[in-house]
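Read through the structure below, which is laid out as structure tokens, and then see the notes.
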């Protein structure tokens, strides 16, 4: 049995995202999990996601991974804070209010990328997630993302699907 | 005769980027132009670039468009500042030092996206570009990107290609 990722608990309606939707066959389909107090996502980029210089990952891919991993972390952290199992109703889904990425080093494209997230703060329906992106044993980027919970009135009635 | 975009002047070596490389057949191949003091990029997103909610564009796509359009703007602005025609040697190419995006409104996926950039400041080899992303007649996102010129020693000797 394979452990379910944060994104596997999203209702179908919210599962078409290019970055993290399990129902988007063209997308990145990232998967995030808890590792103690940190969340972790491992991603092996396809060669087409090259950046400005050959051999290095595209900055937009790095931003995308940090974005979606942070949204998943915000949802998982909120379930935790509410002492609820992931996937219980009402479903939690976050959207990005702001995204900041500092690119510290070029990220090699020919290996595994690891993004590790940490909840920096929760303020009502707003969760701030900071993260670092590692490749080749080095921190190549840092992210800070403000996630805001999608309001219930924008969530379809039947989110059990 | 079609007017050449900023990205059409990048040397081949720097033209494989997923966001703006004209030689990346899988990528977005964005095109940026001057419109007076502003730079403009029009992009029609493919349906696969859906975001967290159906019908809206992926935040990672928005970040990617802002990122690559800002890199192009930084290069074009530096050619202008040096009173040089685009494409003259030595070739100019920028990489992203930091990227910040504020998502103001959901961006509709079923139409045209316009990104308009403006150079906020130049400090040596560093150029700050601010931009706004418009769709459906509204400003849906704002970006601020710090671009840094790729050093000559990382640029291949023959950049005339």
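Residue numbers (my numbering), protein chains in the order written: chain C, 21 to 181; chain H, 21 to 181.
All residues carry an ideal CB built from backbone N, CA and C; glycine is no exception.
Predicted, not measured: the structure shown is a model, and the values here were computed from it.
With a Cβ-Cβ cutoff of 8 Å, do residue 51/C and residue 25/C count as a contact?
Along the first chain, read from residue 1 onward, the residue named residue 51/C stands at position 31. Along the first chain, read from residue 1 onward, the residue named residue 25/C stands at position 5. Yes.
May I have a chain-ordered list of the alpha helix (DSSP H) segments no shorter than 4 residues that lie completely inside the region 31 to 106 of chain H?
Counting whole runs of 4 or more residues, the region 31 to 106 of chain H contains the alpha helix (DSSP H) stretches 79 to 101.
Going by the DSSP bridge assignment, what does residue 141/C pair with across the sheet?
Within the first chain, the letter at position 121 stands for residue 141/C. Paired residues: 148/C.
Short-range partners of chain H found in the region 114 to 125 of chain C, where Cβ spacing is below 7 Å
115, 116, 117, 118, 119, 120, 121, 122, 123
Please decide whether residue 216/H counts as near chain C, where near means a Cβ-Cβ distance under 8 Å.
Outside the modelled stretch of chain H, which goes from 21 to 181, sits residue 216/H, for which no answer is possible.
Three-state secondary structure (DSSP) of residue 28/H:
Counted from its first residue, the second chain places residue 28/H at position 8. Reduced to three states, the DSSP call for residue 28/H is helix.
Under 8 Å by Cβ, that's how I've got residue 122/C and residue 161/C pegged, so tell me the actual separation to the nearest angstrom.
Here residue 122/C is taken as the residue at index 102 of the first chain, counted from 1. Here residue 161/C is taken as the residue at index 141 of the first chain, counted from 1. Right, their Cβ atoms sit about 6 Å apart.
From the DSSP secondary-structure annotation, give me the bridge partner or partners of residue 128/H.
To locate residue 128/H, count along the second chain from 1; it is residue 108. Bridge partners of residue 128/H: 76/H.
When you compare each of 118/H, 103/H, 89/H, 72/H to residue 255/C by their alpha carbons, which one comes out closest?
This structure gives no information on residue 255/C, because the portion of chain C shown stretches from 21 to 181.
Since residue 111/H is in the beta strand (DSSP E), which residue starts that stretch and which ends it?
Looking up residue 111/H in the second chain gives position 91. Neither: residue 111/H is in no beta strand (DSSP E) and is coded neither H nor E.
Name the chain H residues whose beta carbon is nearer than 9 Å to that of residue 84/C?
Position 64 of the first chain, counting from 1, holds the residue named residue 84/C. Ordered by position in chain H, the residues that pass the 9 Å Cβ test against residue 84/C are 78, 79, 80, 81, 83, 84.
Tell me which residues of the region 53 to 79 of chain H have at least one Cβ-Cβ distance to chain C shorter than 7 Å, keeping chain order.
68, 69, 70, 71, 72, 73, 74, 78, 79
Buried or exposed: residue 125/H, going by 16 or more other Cβ atoms within 10 Å of its Cβ?
Residue 125/H sits at position 105 when you count from the first residue of the second chain. Result: exposed.
Note down the Cα distance separating residue 49/C from residue 141/H, rounded to an integer number of angstroms.
For the purposes of this step, residue 49/C is taken as residue 29 along the first chain, with counting starting at 1. For the purposes of this step, residue 141/H is taken as residue 121 along the second chain, with counting starting at 1. C-alpha separation (whole angstroms): 37 Å.
Less than 8 Å between the CB atoms is what I'm expecting for residue 30/C and residue 113/C, so what's the real figure, rounded?
Taking the first residue of the first chain as position 1, residue 30/C is located at position 10. Taking the first residue of the first chain as position 1, residue 113/C is located at position 93. About 6 Å separates the two Cβ atoms, so the contact holds.
How many Å lie between residue 176/H and residue 115/H at the Cα?
Here residue 176/H refers to the residue found at position 156 when the second chain is read from its first residue. Here residue 115/H refers to the residue found at position 95 when the second chain is read from its first residue. Cα to Cα, the separation comes out at about 15 Å.
Cβ-based burial, residue 87/C [other Cβ within 10 Å; buried from 16]
Reading the first chain from its first residue, position 67 is the one you call residue 87/C. It is buried - the Cβ of residue 87/C has at least 16 other Cβ atoms within 10 Å.
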